[in-house]
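Counting from 1, position 56 in the sequence shown corresponds to residue 56 in full-length UniProt numbering; the numbering is continuous, with no gaps. Quick reminder that beta carbons are idealized off the backbone N, C-alpha and C, glycines included. Treat the numbers as computed from the prediction; the structure is a model and nothing was measured.
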Amino acid sequence: EEEEEGEGVGPWGADGCRGGGGFSLAIEGVLGGACGLVVSDALEPDFPIIYVNRGFEDATGYHAEEVLGRNW
């Protein structure tokens, strides 16, 4: 499945972030922006990475497949 440019990579994409008005636009800007973003699951004991955006991939050279589920 091909991904649109600027969309994040993880178990949920931009559609999973629902909010009202300007908030949802701000979230879309962060998720698809040039700044790297990493989200980890604090409910798991080892804090695995569950989401990275395209900015993270561009800045680090790591692809999402290489870091999702890891905890460095």
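(request) Can you say whether GLY55 is buried or exposed, counting buried as having 16 or more other CB atoms within 10 angstroms of its CB? (result) For the purposes of this step, residue 55 is identified with residue 55 of the sequence shown, where counting begins at 1. GLY55 comes out buried.
(message) Assuming residue 98 is part of the beta strand (DSSP E), what are its boundary residues?
(response) Outside the shown range of the chain (1 to 72) lies residue 98, about which nothing can therefore be said.
(request) Taking only the alpha-carbon atoms, compute the straight-line gap between ASP41 and PRO48 and give it to the nearest angstrom. (result) Mapped onto the sequence shown, residue 41 falls at position 41. Mapped onto the sequence shown, residue 48 falls at position 48. Cα-Cα distance, rounded: 6 Å.
(message) Pop quiz: ALA64 and VAL52 are said to be a contact at Cβ under 8 Å. What is the actual Cβ separation, rounded to whole angstroms?
(response) Within the sequence shown, residue 64 is the residue found at index 64, counting from 1. Within the sequence shown, residue 52 is the residue found at index 52, counting from 1. About 5 Å separates the two Cβ atoms, so the contact holds.
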